[in-house]
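These protein sequence lines map, in sequence, to chains A and B. So for the first sequence, the working numbering puts the first residue at 842; every next one is plus one. So for the second sequence, the working numbering puts the first residue at 842; every next one is plus one. The beta-carbon is built from N, C-alpha and C at its ideal position, and this holds for glycine as well. Bear in mind the structure is a predicted one, so any value in this text is a computation, not a measurement. Encoded as structure tokens, the structure appears first; notes follow it.
There are 2 protein chains.
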Amino acid sequence: MKIDSFDPPMRILMGPGPSDVHPRILEAMARPTIGHLDPEFIRMMEELKQLAQYAFQTRNEMTMIVSGPGSVGMETCFVNLVEPGDKVIVCQNGVFGGRMKENVERCGGVAVVVEDEWGRAVDPGGLERALEANPDAKIAAFVHAETSTGALSDVETLVRIAHAHGCLTIVDAVTSLGGAPLKVDEWEIDAVYSGSQKCLSCAPGLSPLSFNERAMSIVRNRKTRIQSWFMDLNLVLGYWGSHEKRAYHHTAPVNALYGLHEALLILWEEGLENAWARHSDNHHRLRNGIESLGLSFIVPERERIPHLNAVSIPEGVDDASVRSRLLNEFGIEIGAGLGPLAGKIWRIGLMGYSSRTRNVVCCVNALKEVLS
Amino acid sequence: MKIDSFDPPMRILMGPGPSDVHPRILEAMARPTIGHLDPEFIRMMEELKQLAQYAFQTRNEMTMIVSGPGSVGMETCFVNLVEPGDKVIVCQNGVFGGRMKENVERCGGVAVVVEDEWGRAVDPGGLERALEANPDAKIAAFVHAETSTGALSDVETLVRIAHAHGCLTIVDAVTSLGGAPLKVDEWEIDAVYSGSQKCLSCAPGLSPLSFNERAMSIVRNRKTRIQSWFMDLNLVLGYWGSHEKRAYHHTAPVNALYGLHEALLILWEEGLENAWARHSDNHHRLRNGIESLGLSFIVPERERIPHLNAVSIPEGVDDASVRSRLLNEFGIEIGAGLGPLAGKIWRIGLMGYSSRTRNVVCCVNALKEVLS
């Protein structure tokens, strides 16, 4: 066995995530590890909670960081809120809505899927009709920014409709947090999760999560036991909940949390509105460049995620060879399509630290060269 | 809100984990992030798998790294192997056996708990009797090194007994891997999980895991669906399983895996036998020091985990104030007792990079000063 230390190549990450990790964050993750119950670490967790509340625009006491990737954040929402037999309306306009349906079913719930076209925002009318047809539904779940297609949905409206029908809401904000407006309290989202590796520009592996009081009261008053020990928020709260008395639940990913602390601090220093504006500006720059190459977007302009651009692959162009040339000749990673969109689109991300003018210029011109 | 970058204090980590992270590992985690489907990353994952196979002493094809802490490794074993109604014998001699029981029940299984005294190894006779009384048991589960008490059990014998009764075995090797002999293939362990933050001296947050063919055939031939989407090995295998064709399942914690790659490489360079000998040597040094202070161990000598030393707190000594003085005056973290052992023991870890002569000397003399 001949194995050396791993020396990763220098890439520009312009796929669907991870995005480029800011050097300050890389440096933070390399600081000396301390104990997960060290008083200094507990103080850092308090700050992390405040910074996450800022990013989510919420005062929810139950705002914390799940010790796993976004998929664990998603599953944490479903296992805590869905009891066997519960009916959940899932709006599906891409891969991640499908994953939500899987989660509902694995919790013993009944998923009612409202299908939308892949590449379009969730249609509020479809949700409304599903709620009317299913007055016994308990929860409505939808994805804010559908990473698999590049479509951004109007979460504020969807939540309002769900609440008008007495439903709790679960929102996937993995790709939206920090890149596009998301206002958890103002929009009255009940449960929301995100990921560290998109617009926060942190290394992958963590999932910021927030539950409001309405969601927490469901967790506390369940009739059945939560099927996951690791994700049971009643237990996790012993560690993340109260500042004064932290009890061991699991060993927190200490260095990864250093990184997320730094990532959220960078976002706070920049200011959410400025970060949203930067993502939007660079989206427009990229759009101009992409269109100048004669390429087109699959999502209608008003429904696009600014920082995740789904571009149609022109007829006769070999998907894999273009991506591979971009990677090997230019060090640029862009994303492939998933599921039914595999081979049909490229996904060009401009998230967090990757959302920079020079990356736009670099990517558009490299693509021009490869396609010529 | 006034928040700065987090600057952790320099500690010597001599608790039950995390242990001190080797500088090479800290440096590895700070390398530039690349995509989780980047060909170079896939190549690194292949090496990681080989290195984990070496550490576990197994050729199991299904050897991988779970993207979460040891508790997720544990839950991954149970949700994949336990179906509703399955009877599982759980040997409990500390906190982590109790967590196994919780896992069995949350999977809809029936846990038959064989209780052993906290601070003692699991009694093979007790397992034997439980198996005789429960011929319908499907699985037997036990903890190799019980971190909450410092007791090391004879896994080889326990597995042999379980197999003689037709039971599959799940072994918790969170604290043993890399610190004490563990031979997955030779001992015929069916499913085993560990953690990154103990004798591997990596940052917390990852769980190496290995299933043999017998365990995998159970996963593949289940009658019911695995209740967790994230932990369903049938799905995870799409990403970790075959070298040629990796499919997206979740976004791997890229930088954390750089760190574990380096950690396992360091272990491989040192050699497992040498690492075991080092942990054993430093244990003897610590034992001499501890006994010279008039302190005693709660675990009988033959049953001790070499690198996790449970020491009785002398009558009249204030637990918290001793630990707090060690931390604040000497920068040394030692662990408190858990559950019924809270306030009764200290847990002094000498794991991985923390297992060094100078740490032993430092800890014993600091303790001497604080207790005088």
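Asked, Found
"Could you work out which residues of chain A lie near Y1099/B, taking near to mean beta carbons separated by less than 8 angstroms?", "F847, P849"
"Tell me which same chain residues have a C-beta within less than 6 angstroms of the C-beta of V1033/B, skipping the five on either side of it?", "V1012, A1014, V1025, S1051"
"Does E943/B have its Cβ less than 8 angstroms from a Cβ in chain A?", "yes"
"Looking at the structure shown, is I1067/B part of a helix, part of a strand, or coil, going by DSSP?", "coil"
"Anyone know if the C-beta pair for L1149/B and T1065/B falls short of 8 angstroms?", "no"
"What separation, rounded to the nearest whole angstrom, lies between the Cα atoms of K1185/A and T988/A?", "15 angstroms"
"Please tell me whether A982/A has its Cβ less than 8 angstroms away from any Cβ of chain B.", "no"
"Quick one: what's got a C-beta closer than 8 angstroms to N832/A's C-beta in the same chain, skipping five residues either side?", "Residue coverage of chain A in this structure runs from 842 to 1213, which leaves residue 832/A outside it and unanswerable."
"DSSP three-state label for K1185/B, please.", "coil"
"What residues of chain A sit near H1120/B, judged by a beta carbon separation below 9 angstroms?", "Those do not exist, as H1120/B stays about 19 angstroms from chain A at its closest Cβ, beyond 9 angstroms."
"Thinking just about the alpha-carbon of each residue, which of N901/A, R900/A, V945/A, E902/A is nearest to the one in L922/A?", "V945/A"
"What are the uninterrupted segments assigned as beta strand (DSSP E) that are 3 or more residues long and contained completely in the region 860 to 941 of chain B, given in chain order?", "903 to 907, 928 to 933"
"Using a beta-carbon distance below 8 angstroms, is T899/B in contact with chain A?", "no"
"Thinking just about the alpha-carbon of each residue, which of I1139/B, E1110/B, V1205/B is nearest to the one in G960/B?", "I1139/B"
"So is N805/A in contact with chain B if we call contact Cβ pairs under 8 angstroms?", "Nothing about residue 805/A can be reported from this structure: the residues present for chain A run from 842 to 1213 only."
"Where does V953/A sit, in a helix, a strand or coil, going by DSSP?", "strand"
"Using a Cβ cut-off of 7 angstroms, pull out every chain B residue sitting near P910/A, in sequence order please.", "S908, H1091, T1092, P1094"
"Is the shortest distance between the beta-carbon of V913/B and the beta-carbons of chain A less than 8 angstroms?", "yes"
"Which first and last residues belong to the beta strand (DSSP E) in which E1171/B is found?", "Here residue 1171/B is Phe; the residue named in the question, Glu, does not match the sequence. It is not in any beta strand (DSSP E) - F1171/B instead sits in the alpha helix (DSSP H) that spans 1160 to 1171."
"Taking the C-alpha atoms as reference points, what is the distance between S1195/A and N1123/B?", "47 angstroms"
"Listing by chain order, which chain A residues have their CB less than 9 angstroms from the CB of L892/B?", "M842, I844"
"Between the alpha carbons of V907/A and S1137/B, how many angstroms are there, rounded?", "39 angstroms"
"Closer than 7 angstroms, Cβ to Cβ, to anything on chain A: give me those residues from the region 1051 to 1082 of chain B, in chain order.", "R1066, Q1068, S1069, W1070, F1071"
"Could you tell me the boundaries of the alpha helix (DSSP H) in which M1057/B lies?", "1054 to 1061"
"Of the choices R1166/B, A1177/B, L1179/B, M1192/B, whose alpha-carbon is the least far from that of A1207/B?", "R1166/B"
"Under three-state DSSP, which class holds A986/B?", "strand"
"Distance cutoff 8 angstroms, beta carbons only. Does L867/A sit that close to anything in chain B?", "yes"
"Are the C-beta of E1144/A and some C-beta of chain B separated by less than 8 angstroms?", "no"
"Going straight from the alpha carbon of I875/B to that of P849/A, what length do you get?", "7 angstroms"
"Hey, could you find the ends of the beta strand (DSSP E) N1150/A is sitting in?", "1149 to 1153"
"Measure how close the beta-carbons of M855/A and I1175/A come, nearest whole angstrom, since I'm counting them as under 8 angstroms.", "5 angstroms"
"Residues of chain A with a CB under 7 angstroms from the CB of R1222/B: which are they?", "The requested residue 1222/B does not occur in the structure, where chain B is confined to residues 842 to 1213."
"Compare the beta carbon distance of R1145/B and L993/B with 8 angstroms and say whether it is the shorter of the two.", "yes"
"Going by the CB atoms, is the gap between P1049/B and A896/B shorter than 8 angstroms?", "yes"
"Does DSSP classify E1029/B as helix, strand or coil?", "coil"
"Would M903/B count as contacting chain A if we go by Cβ distances under 8 angstroms?", "no"
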